[in-house]
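Peer 1: Quick note: the sequence shown uses my numbering, first residue 411, plus one each step.
Here a beta-carbon is modelled for each residue, glycine too, at the ideal position from N, C-alpha and C.
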Amino acid sequence: MKTIIKYEAPSYAEQETIILYDKLTHNYRITTDIDKDVRKFIGKLDKNKDYRVGRNSKGKTTFLDGWLDVKNYSINVHKRPHFTLEQRKEMATRLLVARRKKGVDV
411 MKTIIKYEAP
421 SYAEQETIIL
431 YDKLTHNYRI
441 TTDIDKDVRK
451 FIGKLDKNKD
461 YRVGRNSKGK
471 TTFLDGWLDV
481 KNYSINVHKR
491 PHFTLEQRKE
501 MATRLLVARR
511 KKGVDV
């Protein structure tokens, strides 16, 4: 069941996304007030469970709190690759060559 609350977003430094995992039920609870994450997760919530949506005075959705629909979605955590300066130069060179082959103005 959807509950709409009045919620003014906090300052940029105070915004956060919290993802909790319940090991007994194998579900993820998502609480966020970051615009990008609100847009990302709003369609992925389990609509059969209670969830809250916060809107500011202009009607924009600024807060989300609910359970992820684990039948259709999951969360993956991975480590970002770190490249050396030499590897970055090689990748930049390959990209430049590929763009020139396509005729993209560089």
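(1) Is it true that the CB of Thr471 sits closer than 8 angstroms to the CB of Arg462?
(2) Which same chain residues, not among the five before or five after Asn486, have their C-beta less than 8 angstroms away from its C-beta?
(3) Going by C-alpha to C-alpha distance, which of Arg504, Trp477, Ala419, Tyr417 sits closest to Met411?
(4) Which one or two residues does DSSP pair with Lys499 in a beta bridge?
(5) Taking all protein chains shown into account, do 16 or more other C-beta atoms lie within 10 angstroms of the C-beta of Tyr438, making it buried, or fewer, making it exposed?
Peer 2: The short version:
(1) To locate residue 462, count along the sequence shown from 1; it is residue 52. To locate residue 471, count along the sequence shown from 1; it is residue 61. At the C-beta level, Arg462 and Thr471 stay beyond 8 angstroms of one another.
(2) Numbered from its first residue, the sequence shown carries residue 486 at position 76. Cβ-Cβ distances below 8 angstroms link Asn486 to nothing in the same chain once the five nearest sequence neighbours on each side are left out.
(3) Mapped onto the sequence shown, residue 411 falls at position 1. Out of Arg504, Trp477, Ala419, Tyr417, Trp477 has the C-alpha closest to the C-alpha of Met411.
(4) Residue mapping note: residue 499 aligns to position 89 of the sequence shown, counting from 1. As computed with DSSP, Lys499 is found in no beta bridge at all.
(5) In the sequence shown, counting from the first residue as 1, residue 438 sits at position 28. Buried, since its Cβ has 16 or more Cβ neighbours within 10 Å.
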